[in-house]
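Chains as they are written, first to last, in my numbering: chain E, 78 to 294; chain P, 1396 to 1686. Even glycine gets a Cβ: it sits at the ideal position worked out from N, Cα and C. Fair warning: this is a prediction, and the values are worked out from it, not measured in the lab.
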Amino acid sequence: MIRSITKLKSEEEIFRLLEGLNRIFIIGCGTCVTLTRTGGAPEVAAMKDTLLESGKLVTGRVVVPVACDNLTSEILAEELGRIEQADALLIMTCAFGVQTVSSQLKRMVVPALDTLFIGKESGSGQFNEICTQCGTCVIGETGGICPVTVCHKGLINGPCGGTNQGRCEIDSNKDCAWTLIYNRLKELGRLDSMRKLQGPRNFLGEPTPGKYEMSES
Amino acid sequence: MKLKDALKKNKFVVTSEVQPPIETEPDEFIDRLKLIRGRVDGFSLTEVEIEGVVGDTIKTCDLLKQHKFDPIFQTTTRQKNRLQLQNDLIQAHDAGVENLLVFTEDYRLTGDSLQEMMFFHVDAGKLSSVLGHLKDGHTVEGEPLPGKAEFILGSGVESSWGKNVPDLEMREMEEMTKIGTGYFLTTPVFDLDSFEKFLKSVNTFGVPVIAEVLIIRNASMGQFLNRHMRQGMVPDWVIKKLLRAPEKKKASIEIFADIVTGLKDLCQGVHIISIGAEEQLRHYMDAAKLY
């Protein structure tokens, strides 16, 4: 399962964004942010207390099942009265949820979280970024490990000189992607792939903003 | 002797890294280099230092040429995309620079603008996607250039890769040989035994190997490099010797001289990183008998 990985913004930033906005409605989400404990029911309740302590008025709060789903507006319709009493919606979901709510309700929204990456759950409470949706997948030649994402420098002819006992120079808690690739290819008896020089990377596999429309046929 | 000639004649090559001046007067900068005139075959001029902004590298290469020093344009794939790299290489070539040294470069951990984007658009030291085109006389996009931009290329090799991925240094060096590298430049060498093992384990394809030697002036400098650049980069014995020595400068010179003397039997030259101590360089070179 992939999850949108988030972290709570600092109180300082949240209150800066809420400056002059006194009546607040809080929205959380029952999916990714509940799992990462950044925007589930307990975190929404704690945010309510924080806002009340600082003198704000909380007109209401709700944890929608899946904030990025197009049905969110129907769930929020039940809360419309209290939403309309608010100066702003403080949204404790990833940016997909914030933008879904924003486009559906046309209300002032304030994100309470920063969206970090789309993560693959690799263990209980552990998430890793393994794909950045670059549109030019190279993992058929790298033993199924993405160097564009897992190598901090995104080198497709790695490793760089910063590999240090299998760890990355930017953070010794992170693996060196090219050591992982080397070891995987060795296991597979495909070290010949390491010797192939990849041509220059196409940095515009899917120019942002990505857009996909299913054809009629 | 020019770097190109020194390499051709199998002389024990000596090059040194210097920072293009930004606050120093050009005359003062050149005067410092004159102290070791005739003893260094090429000065590599860095482009971006960990502190952030430095002087104009290509302009400084030109200044060195005017004073009959052989400049090495040192650039990195970290700060530039392919187009900027191409522009700079053409400009350097037009300025008469014959030598080029390219690194992927370390991820920036200290200095200015740490939140700024780093490119790494061209992969580790190979540059084949840019240099190959310029050597043939056209741009990356295939447009013809008025002339061919060729350089004596120095390529960085990581002498400690063997610890993790034994075949990779060989592959990397093979690729660099294919694009016509003039010499391999290693990461800083302190331990001569492990460096000798590294050289034996890799095929250098008949390409000269120049060992980088750092001048560590005191223990805190070594500790800083270990903390901010790479853990274990400066070995404990160097730091301990400098900590215990009553005369730090003497100890620093001894460490340098011992390493360089040992390297004379192992490889084809040294690249000295003096980290802002160009004025002191002659004392270090005297002790290592680099005349």
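- When CB distances to chain P are screened at a threshold of 9 Å, not a single residue of the segment 109-126 of chain E falls below it.
- Within the segment 229-246 of chain E, contact with chain P at the beta-carbon level (separation under 8 Å) is assigned to HIS229, LYS230, GLY231, LEU232, ILE233, ASN234, GLY235, PRO236, CYS237, GLY238, GLY239, THR240, ASN241, GLN242, GLY243 and GLU246.
- Restricting attention to P:ALA1683, P:GLU1674 and P:LEU1685, the CA atom closest to the CA of P:LEU1428 is found in P:GLU1674.
- Relative to P:THR1582, the option among P:MET1571, P:VAL1602, P:LEU1548 and P:HIS1666 whose CA is nearest is P:HIS1666.
- The CB of P:ASP1501 comes closer than 7 Å to the CB of GLY239 and GLU246 in chain E, given here in chain order.
- Think of a sphere of 7 Å around the beta carbon of E:ARG272: the chain P residues whose beta carbon falls inside it are ARG1566, in chain order.
- Two segments are said to touch when three or more pairs of C-beta atoms, one from each, lie closer than 8 Å; by this definition the segment 269-278 of chain E does not touch the segment 1613-1627 of chain P.
- Of all residues in the segment 266-293 of chain E, only LEU268, MET271, ARG272, LEU274, GLN275, GLY276, PRO277, ARG278 and PHE280 place a beta-carbon less than 9 Å from a beta-carbon of chain P.
- Taking C-alpha positions only, P:GLY1551 is separated from P:ILE1670 by approximately 18 Å.
- Unbroken alpha helix (DSSP H) stretches of 4 residues or longer found wholly inside the segment 1616-1669 of chain P: 1631-1639 and 1643-1658, given in chain order.
- When CB distances to chain E are screened at a threshold of 7 Å, the residues of the segment 1574-1589 of chain P falling below it are THR1582, in chain order.
- Non-local beta-carbon contacts of E:CYS228 in its own chain, meaning distances under 7 Å to residues more than five positions away in sequence, involve GLY235, ALA254 and TRP255 in chain order.
- Residue burial annotation: E:GLY239 is buried, with at least 16 other C-beta atoms found within 10 angstroms of its C-beta.
- Residue range 1452-1461 is occupied by the alpha helix (DSSP H) that includes P:LYS1454.
- Selection P:LEU1529, P:GLY1617, P:PHE1619 and P:GLY1575 evaluated against P:VAL1602 yields P:GLY1575 as nearest (Cα-Cα).
- For the pair P:THR1599 and P:PHE1498, the Cα-to-Cα distance works out to about 18 Å.
- In the DSSP assignment, P:GLY1549 falls within the beta strand (DSSP E) that extends over 1547-1552.
- Of all residues in the segment 1612-1627 of chain P, only MET1624, ARG1625, GLN1626 and GLY1627 come within less than 9 Å of chain E when Cβ atoms are compared, listed by chain position.
- Interface with chain E (8 Å Cβ-Cβ cutoff): P:PHE1600 is excluded.
- In this structure E:MET169 does not touch E:GLU89 by the C-beta definition: roughly 17 Å separates them, more than the 8 Å allowed.
- If you ignore the 5 residues before and after P:MET1571, its C-beta comes within less than 6 Å of the C-beta of SER1550, all in its own chain and listed in chain order.
- Counting only residues of its own chain and dropping the five nearest sequence neighbours on each side, P:PRO1630 has a CB closer than 6 Å to the CB of PHE1585.
- When only Cα atoms are considered, P:LYS1643 and P:LEU1637 end up about 6 Å apart.
- Chain order gives no chain E residues near P:GLU1591, where near means a beta carbon separation below 7 Å; the closest approach is about 20 Å.
- One thing to note: P:LEU1620 has its Cβ no nearer than 8 Å to the Cβ of P:LEU1661.
- Judged by pairs of C-beta atoms under 8 Å, the segment 186-193 of chain E touches the segment 151-169 of chain E, as three or more such pairs exist.
- By the 16-neighbour rule on beta-carbons within 10 angstroms, P:SER1508 is exposed.
- Contact between the segment 215-222 of chain E and the segment 1451-1470 of chain P is absent: fewer than 3 CB-CB pairs across the two stretches fall below 8 Å.
- In this structure, E:LEU98 is the residue among E:LEU98, E:SER201, E:GLY231 and E:VAL215 with its C-alpha nearest to the C-alpha of E:GLN162.
- When secondary structure is reduced to three states using DSSP, E:ARG93 falls in the helix class.
- Within the DSSP secondary-structure output, E:PRO188 pairs in a beta bridge with E:ILE168.
- Judged by beta-carbon spacing, P:VAL1608 lies within the 8 Å limit of P:PHE1651, meaning their Cβ atoms are closer than that value.
- With a beta-carbon spacing of about 5 Å, E:GLY137 and E:PHE102 fall inside the 8 Å limit used to define contacts.
- The beta carbon of P:LYS1399 sits closer than 7 Å to the beta carbons of GLU1493 and ILE1547 from its chain, once the five residues preceding and following it are set aside; these are given in chain order.
- Under a criterion of Cβ atoms nearer than 8 Å, the residues of chain E adjacent to P:SER1524 are, in order, GLY276 and PRO277.
- Counting the other Cβ atoms within 10 Å of the Cβ of E:CYS214 gives fewer than 16, which makes it exposed.
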